[in-house]
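To keep things clear, I will list the structure first and then write my remarks on it.
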Amino acid sequence: MTEASGASGDGVERRVRVVLVDDHRMFRTGVQAEIGQTETTGVEVVGEAADVDQAVTVITATRPEVVLLDVHLPGGGGVEVLRRCAPMMGAAENAVRFLALSVSDAAEDVIGVIRGGARGYVTKTITGADLVDSIFRVQDGDAVFSPRLAGFVLDAFASTDAPPVDEDLDRLTQREREVLRLIARGYAYKEIAKQLFISVKTVESHVSAVLRKLQLSNRHELTRWATARRLV
Amino acid sequence: MPVATPRRATSSRAPEPEEPQPRKLYRSAEGRMLGGVARGLAGHLGLPVVWVRIVFLALFLADGMGALLYAVFWFVVPLGVGGVDAPRSVFETTLDGRRRLRKPDKGQVFALFALLVGAVTFVSNVQVGGNAGRYIWPTLLIGLGVVLVWRQADNARRAHWMEIGRRRRMLQIARGMAGVALVGMGLTAFLVVRGSAAQLGNVLTAALAVLVGIALLAGPWLVRMTQDLSEERLMRIRAQERAEVAAHVHDSVLHTLTLIQRNAEDAGEVRRLARAQERELRNWLYKPEGTGKEESEEPATLAEAVKRSAAEVEDKHGVPLEVVVVGDCPLDDKLAAQMQAAREAMVNAAKYGGEGGAVQVYAEVEGRTVFVSVRDRGPGFDLDSVPGDRMGVRESIIGRMQRNGGTARLRSAPDGGTEVELEMERAADA
Numbered sequence: 001m002t003e004a005s006g007a008s009g010d011g012v013e014r015r016v017r018v019v020l021v022d023d024h025r026m027f028r029t030g031v032q033a034e035i036g037q038t039e040t041t042g043v044e045v046v047g048e049a050a051d052v053d054q055a056v057t058v059i060t061a062t063r064p065e066v067v068l069l070d071v072h073l074p075g076g077g078g079v080e081v082l083r084r085c086a087p088m089m090g091a092a093e094n095a096v097r098f099l100a101l102s103v104s105d106a107a108e109d110v111i112g113v114i115r116g117g118a119r120g121y122v123t124k125t126i127t128g129a130d131l132v133d134s135i136f137r138v139q140d141g142d143a144v145f146s147p148r149l150a151g152f153v154l155d156a157f158a159s160t161d162a163p164p165v166d167e168d169l170d171r172l173t174q175r176e177r178e179v180l181r182l183i184a185r186g187y188a189y190k191e192i193a194k195q196l197f198i199s200v201k202t203v204e205s206h207v208s209a210v211l212r213k214l215q216l217s218n219r220h221e222l223t224r225w226a227t228a229r230r231l232v
Numbered sequence: 233m234p235v236a237t238p239r240r241a242t243s244s245r246a247p248e249p250e251e252p253q254p255r256k257l258y259r260s261a262e263g264r265m266l267g268g269v270a271r272g273l274a275g276h277l278g279l280p281v282v283w284v285r286i287v288f289l290a291l292f293l294a295d296g297m298g299a300l301l302y303a304v305f306w307f308v309v310p311l312g313v314g315g316v317d318a319p320r321s322v323f324e325t326t327l328d329g330r331r332r333l334r335k336p337d338k339g340q341v342f343a344l345f346a347l348l349v350g351a352v353t354f355v356s357n358v359q360v361g362g363n364a365g366r367y368i369w370p371t372l373l374i375g376l377g378v379v380l381v382w383r384q385a386d387n388a389r390r391a392h393w394m395e396i397g398r399r400r401r402m403l404q405i406a407r408g409m410a411g412v413a414l415v416g417m418g419l420t421a422f423l424v425v426r427g428s429a430a431q432l433g434n435v436l437t438a439a440l441a442v443l444v445g446i447a448l449l450a451g452p453w454l455v456r457m458t459q460d461l462s463e464e465r466l467m468r469i470r471a472q473e474r475a476e477v478a479a480h481v482h483d484s485v486l487h488t489l490t491l492i493q494r495n496a497e498d499a500g501e502v503r504r505l506a507r508a509q510e511r512e513l514r515n516w517l518y519k520p521e522g523t524g525k526e527e528s529e530e531p532a533t534l535a536e537a538v539k540r541s542a543a544e545v546e547d548k549h550g551v552p553l554e555v556v557v558v559g560d561c562p563l564d565d566k567l568a569a570q571m572q573a574a575r576e577a578m579v580n581a582a583k584y585g586g587e588g589g590a591v592q593v594y595a596e597v598e599g600r601t602v603f604v605s606v607r608d609r610g611p612g613f614d615l616d617s618v619p620g621d622r623m624g625v626r627e628s629i630i631g632r633m634q635r636n637g638g639t640a641r642l643r644s645a646p647d648g649g650t651e652v653e654l655e656m657e658r659a660a661d662a
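Respectively, the protein sequence lines represent chains A and B. Numbering follows our numbering, in which position 58 of the first sequence is assigned residue number 58; successive positions increment by one, without gaps. Here our numbering runs 232 ahead of the position in the second sequence, where the first position is 1.
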């Protein structure tokens with residue numbers, strides 16, 4: 001994810017309305033400064049929130065297309081925001097999409113927000129250009145995996161001895177695994193496409209499929225994984 | 233940052249026999265017969281246990297003084313592990329080191345025998361006293377019951393720090409019940425002896441009524457108190473944990489911030505310090521409990537080794553390395569070689585490709601295969617154009633992997649960065 005294609009490429013043709021949810025004002029200001037120049041990035045920050053209640057209020061009032069959501073928030077964390085905003089997510093035209101943005105390294109935080117319905121997860125070390133790119137991707141309904149998230153997912157779905165309860169959901173296909181592995185190795189979508197001789201669109205659909213499996217798959221495998229890691 | 237070792241309460245731990253520490257009087261939890269008083273005293277005074285026991289026995293024969301003294305000791309002196317080893321080691325040297333046949337055990341048998349004899353003499357002595365004899369048996373029963381219950385309490389306490397297996401729980405409960413039953417029987421016998429048997433029913437009803445009344449009155453209060461106590465304990469543990477984190481974070485973060493202020497002009501150094509601090513903080517905060525937070529010991533697993541190498545390279549070259557590890561396995565010789573090659577690749581990536589952004593390190597264990605990839609976004613280079621005398625890549629990475637039965641692939645494109653892929657089969661036995 002080192003290429004900023006989407007936004008900077010298309011210039012200002014596309015606009016995306018974004019709400020920033022983070023309890024650190026400094027961080028919100030920083031992000032705002034980096035992505036908030038609507039003329040160049042196409043991102044318009046329409047609201048900010050510092051805790052769960054504020055977040056729900058602001059999101060309901062402004063109906064943004066994308067919410068940048070911190071994992072750790074006063075009042076229950078990002079998961080709580082996702083839970084209370086669930087009616088607004090869906091597949092509808094004006095659905096609100098969530099992109100988790102966190103400093104957290106803990107797998108349970110990350111997997112938690114993804115299972116809560118976030119469309120992706122990026123770490124706060126991400127560059128401004130990459131973040132803008134990710135926002136547009138989420139707006140398009142795509143999934144956004146950082147290398148670390150890809151690693152967590154591979155880990156969670158890897159080498160399960162027990163037969164999965166639902167074959168379709170509890171297993172990643174060979175291709176999905178390859179795509180994830182390349183993401184974990186730091187490849188951009190374009191590079192993955194080149195490497196696997198497929199189109200970028202196909203890469204995107206694989207990633208979305210993985211995200212769907214992660215959100216829908218029965219809890220069995222994930223719980224087992226978390227238990228093995230003493231996360232629960 | 234020097235990791236502050238989580239301190240455990242070591243006060244109740246046994247001081248080593250060699251250490252000339254001030255000896256504190258504890259009842260011994262090991263090798264005891266009743267409450268461990270004699271053994272504890274023996275340890276404290278530096279005398280053989282048998283002597284102490286004989287003294288107690290003699291006092292016991294003197295109208296039960298010993299029993300009283302013993303009970304007082306049992307009641308007052310806390311249980312501990314200390315004071316056992318000095319006399320015991322004396323005994324151990326006299327034998328050929330067979331643990332089971334150690335002399336204290338024989339001494340215990342002897343002491344038990346002596347105790348029996350003493351008890352019989354004592355009882356028969358007192359029973360001559362006629363009327364007093366009617367009180368002796370109830371007293372003995374109560375004493376026995378109390379001893380059983382107290383011992384049980386000691387055991388429960390000991391199990392607390394010794395983590396005795398759960399399989400004995402039934403036995404423990406049975407013993408506790410037996411103790412209670414004995415005390416009950418003794419008390420009943422008292423009542424029967426004092427009054428007539430006919431009054432027993434009345435007395436029992438009255439006692440029961442009083443007990444129920446007390447339970448009704450004090451019950452809620454007792455429950456609340458236990459709840460408060462456990463809550464308070466929980467809070468205390470939490471506060472302790474928080475204090476530990478605070479102390480740790482405090483020290484190292486302040487230290488780093490000071491260094492950053494002092495090196496404000498040196499962007500590279502500031503970045504290095506900040507990265508190192510961030511990594512350590514993360515390590516400290518997000519590492520699962522119980523995996524140990526020390527950095528000093530050698531890494532035993534692949535994930536640890538990869539992370540360690542990356543951290544060291546990061547520290548040395550000031551380039552961020554993003555590490556993703558999938559799966560884990562113990563390190564063997566072949567994997568150690570792979571780790572060295574990986575480290576070499578990381579150093580190269582940091583040195584020559586660090587300007588393009590973070591270096592991506594990815595390690596995966598899949599079945600028997602261990603795969604490591606190191607990728608940078610630097611200018612890249614042409615392996616064939618590297619002069620022959622530059623052995624870094626050829627020897628340290630490719631050569632090392634091949635000698636150990638693995639493979640190394642190098643992909644490098646101008647402006648596309650460099651990627652090193654290392655693959656190794658794990659040793660069969662692991």
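By construction, the Cβ of each residue, glycine as well, lies at the ideal position given by its N, Cα and C atoms. What you are looking at is a predicted structure, and each value in this text was computed from that prediction instead of being measured.
Item	Value
Where A/Thr-123 sits in the DSSP three-state scheme	strand
Alpha-carbon to alpha-carbon, B/Ala-640 and B/Ala-568	15 Å
Proximity test, Cβ basis, 8 Å: A/Leu-214 and chain B	no
Start-end ranges of the alpha helix (DSSP H) lying completely within the region 24-77 of chain A, minimum 4 residues	25-35, 38-41 and 52-62
Three or more C-beta pairs below 8 Å linking the region 149-158 of chain A and the region 554-561 of chain B	yes
Residues, ordered as in the chain, of the region 63-80 of chain A that lie near chain B by beta-carbon distance below 8 Å	none
Chain B within 8 Å of A/Leu-154, Cβ atoms only	yes
Below-8 Å beta-carbon distance, B/Arg-612 vs any chain A residue	Checking the sequence shown, residue 612 of chain B turns out to be Gly, not Arg. Judged by the 8 Å Cβ criterion, B/Gly-612 is not in contact with chain A.
Under 7 Å from the C-beta of B/Gly-638: neighbouring residues of chain A	The premise fails here: B/Gly-638 is roughly 18 Å from chain A at the closest Cβ pair, so nothing lies under 7 Å.
Complete alpha helix (DSSP H) runs within the region 258-283 of chain B (minimum length 4 residues, chain order)	269-277
Cβ of B/Gln-493 within 8 Å of any chain A Cβ	no
DSSP bridge partner residues for B/Phe-603 (one or two, in chain order)	B/Glu-596 and B/Glu-655
Coarse secondary structure for B/Glu-554, derived from DSSP in three states	strand
Burial state of B/Pro-370 (16 or more Cβ within 10 Å)	buried
Paired residues, beta bridge with B/Gly-649 - DSSP	B/Ala-645
Reference A/Thr-29; option with closest CA among A/Ala-50, A/Val-16, A/Thr-40 and A/Thr-41	A/Ala-50
Interface partners of A/Pro-147 on chain B, CB under 7 Å	Glu-554, Val-556 and Gln-592
Those runs of the alpha helix (DSSP H) which lie wholly inside the region 421-509 of chain B and span at least 4 residues	432-494
A/Ala-143 versus B/Val-604: straight-line alpha-carbon distance, rounded	26 Å
Three-way DSSP call (helix, strand, coil) for B/Val-579 in this model	helix
For A/Val-96, the nearest candidate out of A/Tyr-189, A/Val-18, A/Leu-211 and A/Val-207 (CA to CA)	A/Val-18
Spatial neighbours of B/Leu-273 in its chain, beta-carbon cut-off 6 Å, leaving aside the 5 residues before and after	Val-284
Where B/Ser-484 meets chain A, residues with beta-carbon distance less than 7 Å	Neighbours of B/Ser-484 on chain A: none; closest Cβ ~17 Å, over 7 Å.
Backbone secondary structure at A/Ser-102 - three-state DSSP	strand
Spatial distance of A/Leu-216 from A/Ser-134 (CA atoms)	22 Å
Backbone secondary structure at B/Ala-640 - three-state DSSP	strand
Segment limits, beta strand (DSSP E) that includes A/Arg-17	16-21
DSSP-derived helix/strand/coil call for A/Phe-145	strand
CA-to-CA distance, B/Ala-438 to B/Val-287, given in whole angstroms	43 Å
Where the alpha helix (DSSP H) through A/Leu-180 begins and ends	174-184
Within-8 Å CB hit, B/Gly-275 to chain A	no
Check whether B/Gly-550 and B/Arg-609 have beta carbons under 8 Å apart	no
Three-state secondary structure assigned by DSSP to B/Val-591	strand
Pairwise C-alpha distance: B/Val-282 and B/Leu-333	Confidence at B/Leu-333 is low in this model, with a pLDDT of 40, below 50, so the placement of that residue should be treated as unreliable; the coordinate-derived value is given next. Whole-angstrom Cα-Cα distance: 17 Å.
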